[in-house]
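Peer 1: The sequence shown runs contiguously to residue 245 in the working numbering.
Each residue gets a CB set at the ideal place from its N, CA and C atoms; glycine is no exception.
Shown below is the structure under consideration.
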Amino acid sequence: MAGWWTLPILAYHRIGEPKGDHVPTVTPESFERQLACMARQRVTVVSLEALVDSLDEGKPLRGRQAVITFDDGYEETSGVAAALLRRFGFCATVFVTPNEIGLPGFMTWDQVRSVAQDGMAVGSHTLHHAFLPLLSRDKIEHELVESKRIIEQHIGRPVSWLSYPVGGFTPEVQDVARAAGYRAACTTNRGISKRALDLFALRRIKMTELDRHDLSLRAKLSGYYDVFRRLEQPA
Ligand SMILES: [Zn+2]
11 MAGWWTLPIL AYHRIGEPKG DHVPTVTPES FERQLACMAR QRVTVVSLEA LVDSLDEGKP
71 LRGRQAVITF DDGYEETSGV AAALLRRFGF CATVFVTPNE IGLPGFMTWD QVRSVAQDGM
131 AVGSHTLHHA FLPLLSRDKI EHELVESKRI IEQHIGRPVS WLSYPVGGFT PEVQDVARAA
191 GYRAACTTNR GISKRALDLF ALRRIKMTEL DRHDLSLRAK LSGYYDVFRR LEQPA
């Protein structure tokens, strides 16, 4: 059972039919199968807040748990994805980009508000989906501070979570994120990190259409994310 000490953060983008573009897409059928597998495995889906609270308190969550996240705020997040999550009683976090909200294919502010009222946490994915490592400190600040402010204004609640577009961050980006008032930030890096747990570089597991079978999903849920084992057994 040691594998279940880990707590995977699953990263989805669009849930829907493939559109032939480069957006990582999982069909509703596969998404439903993945949620059903988690339910069958008695995985408790917890919020990013519950995870970060537990880490802040130095009491990592135990047992079979996972966090579900969506990047980019595609319009299907508020439709088919939200409906399936509701059916399974699972919570999630969606990272939105204010400059893309309301564009074709993305949620509108009304839809963002409605998923927030539905219990989904809304985080920032920067103002312009910016690749932060290439920006000056002023521009990084603008991307992180303004996106947070605008989302908070629209949903009427604090925004504590950040997802770096394309997973791009540097120590300077992390400093700015901390100073801007975020509590944690997600990246996209997979694999085993040599570094200690870093709340501003939470690694996630990219979910794909290929994760159709219980075995592949179980491997993802148990294997990659080794932070908690590291906390247990400091090297
Ligand atoms: Zn993105």
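#1: Apart from the five residues on each side of it in sequence, which residues of its chain come closer than 7 Å, Cβ to Cβ, to Glu156?
#2: Where does Ser173 sit, in a helix, a strand or coil, going by DSSP?
#3: Between Lys230 and the rest of its own chain, which residues show a CB-CB distance below 8 Å, the 5 nearest in sequence each way excluded?
#4: What is the C-beta distance between Val55 and Ala76, in whole angstroms, given that I count them as a contact (C-beta under 8 Å)?
#5: Give me every residue whose Cβ sits closer than 6 Å to any heavy atom of ligand 1, in chain order.
#6: May I ask which residues mark the beginning and end of the beta strand (DSSP E) holding Leu20?
#7: Could you check where the alpha helix (DSSP H) with Ile150 kicks off and where it finishes?
#8: The beta strand (DSSP E) that contains Cys101, what's its start and end?
#9: Output yes or no for whether 8 Å exceeds the beta carbon distance between Phe210 and Ala189.
#10: If we count the other Cβ atoms within 10 Å of its Cβ and call it buried at 16 or more, is His32 buried or exposed?
#11: Answer yes or no: do Asp125 and Ser88 have a C-beta to C-beta separation smaller than 8 Å?
#12: Buried or exposed for Glu27, going by 16 or more other Cβ atoms inside 10 Å?
#13: If Val5 and Ile160 are in contact, beta carbons under 8 Å, what's the gap, nearest whole angstrom?
#14: Out of curiosity, what's the CA-to-CA distance linking Ala180 and Phe141?
Peer 2: So, to answer that:
#1: Leu137
#2: strand
#3: Pro18, Leu20, Ile215, Met217, Asp221
#4: 6 Å
#5: Asp81, Asp82, His135, His139, Pro175
#6: 19–22
#7: 147–165
#8: Segment: none, Cys101 is in no beta strand (DSSP E) and carries neither H nor E.
#9: no
#10: exposed
#11: In the sequence as displayed, the identity of residue 125 is Val instead of Asp. Yes.
#12: exposed
#13: For residue 5 there is no data in the structure shown, the boundaries of the chain being 11 and 245.
#14: The amino acid occupying residue 180 in the given sequence is Thr; Ala does not appear at that position. Each residue's Cα considered, the two are about 11 Å apart.
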